[in-house]
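Remarks on the structure that follows.
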Ligand SMILES: *Cc1c(COP(=O)(O)O)cnc(C)c1O
């Protein structure tokens, strides 16, 4: 095994990963962020806190999630052997519960009464509503009215879980307005409320904290993969929206220089149309939502509208650590289109009996491109970040005719 170069532990004390990250927020918020940082760093090394988290990960989430060898798909593609880290098998069906639980327990220990967040498609909202119900905190989820109509089942789930869904009626009534409204709601009472960010984005300490709550994915996978094969995977592949599931898989392998890593962004319907969310591929350094990262922005530095068939991937910024990993060339960032993701969605369903989330289907699609170019003794480990139940009606209505569904 190659262990030539040890990467510096990041972020630095100011929350920077290279030139990215930091805290670009109004002065009064700095104190609050520092309070969260101090509390987090204390509980990170607190035996009782870690014990509570580990116990819930095991008995509530169902960890460790298995690593599964895709015999049929690998054989059909003819090349490298493909493995999946099955985060789709977690309680609530995706990796998001990993950081939502961590944030909820931290908020509770900090004496907060309520956790709040915005949600777009409702996945973060449902995971947080679940964690809030479990640890016994009030929960406000801000959601654009247009999204509430589109994602009705998730609205119902959150309400069943006892969460207060706050309809946002301003502007386009989607995610961006929900972010603004949640932020406004938060600054009204930051003493009693905790803003639970849904990915490795936002001001320090969130990119660090959410990464730490997610890195169990790679730690488990490394051990499981070694048990199964006696070695480390040749490549890792994960989809990148904000970047939490990808950094969760990558972190345990960053010092293993022989392990190649690929983050997969959505090229949507194509770069020429502007309907994509390929932030690391086409963006440039800028500031968004309180931190510095690659941003898809216009000449005035305003975020551009973004699009992906997978709503969990359409964000015009990206985690600061991914921005840094791109610059130092430790991770390669590639793209997959809507059409390729849909193809992978059906391929995995029909060869392995696993219906992936459309977000995760981007990672599967890239592995399907990579495998035939590799030797049969080589391996690819894909983070299957979530299950596809949430996507079946949409896929059947829009693409079903092409795949014999309707
Ligand atoms: C939200 C989501 C993503 C994208 O978020 P990251 O922070 O980039 O991981 C990916 N997959 C699934 C299933 C999701 O729900």
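In the working numbering, the protein residues as written are 280 to 685.
Backbone N, C-alpha and C fix where the C-beta goes; we use that ideal spot for every residue, glycine too.
As the structure is a prediction and not an experimental result, all values here were calculated from the model.
DSSP places residue 571 in the strand class (E or B) of the three-state scheme.
In this structure, residue 571 lies near residue 299, with their beta-carbon atoms less than 8 Å apart.
Contact annotation, residue 369 with residue 527: C-beta distance approximately 12 Å; criterion of less than 8 Å not satisfied. For the stretch 474 to 560, the full-length alpha helix (DSSP H) segments reaching 4 residues or more read 485 to 493, 495 to 508, 523 to 529 along the chain. The Cβ atoms of residue 646 and residue 624 lie no closer than 8 Å to each other. Excluding five sequence positions before and after residue 452, the CB atoms of its chain that fall closer than 7 Å to its own CB belong to 423, 424, 425, given in chain order.
When beta bridges are read from the DSSP output, residue 423 appears opposite 447. Counting every other CB atom within 10 Å of its CB across the protein chains shown gives residue 439 a total below 16, marking it as exposed. About 19 Å separates the CB atoms of residue 559 and residue 538; that is not less than 8 Å, and the two are not in contact. When C-alpha distances from residue 324 are compared across 562, 491, 504, the shortest belongs to 491.
Ranked by Cα distance from residue 427, the options 615, 577, 456 are led by 456. 421 is the residue among 497, 421, 486 whose C-alpha sits nearest the C-alpha of residue 464.
Approximately 16 Å separates the beta-carbon atoms of residue 394 and residue 331; this is outside 8 Å, ruling out the contact.
In the structure shown, residue 310 falls within a helical segment according to DSSP collapsed to helix, strand and coil.
In this structure, 483 is the residue among 355, 345, 483 with its C-alpha nearest to the C-alpha of residue 567. Of the heavy atoms belonging to ligand 1, none sits nearer than 7 Å to the Cβ of residue 424.
Here the alpha carbon of residue 350 sits roughly 8 Å from the alpha carbon of residue 361.
Residue 366 holds the alpha-carbon nearest to the alpha-carbon of residue 635 among 563, 485, 543, 366.
Residue environment analysis places residue 601 among the buried positions, since at least 16 neighbouring C-beta atoms fall within 10 angstroms of its C-beta.
Going by C-alpha positions, residue 310 is about 36 Å away from residue 540. Per the coordinates, the alpha-carbon of residue 589 lies some 22 Å from the alpha-carbon of residue 683. When C-beta atoms of the stretch 545 to 562 are compared with those of the stretch 616 to 633, three or more pairs fall below 8 Å, so the two segments count as touching. In the structure shown, residue 586 adopts coil according to DSSP, grouped into three states. Apart from the 5 residues on each side of it in sequence, residue 685 sits with its Cβ closer than 7 Å to the Cβ of 675, 679 in its chain, given in chain order. If you keep only unbroken alpha helix (DSSP H) runs of at least 4 residues inside the stretch 584 to 653, you get 599 to 606, 617 to 631, 637 to 649. Here DSSP, grouped into helix, strand and coil, assigns residue 455 to helix. Rounded to whole angstroms, the gap between the alpha carbons of residue 415 and residue 487 is 25 Å.
Taken through DSSP and simplified to helix, strand or coil, residue 684 comes out as coil.
Relative to ligand 1, the beta carbon of residue 591 is positioned inside 7 Å of a heavy atom.
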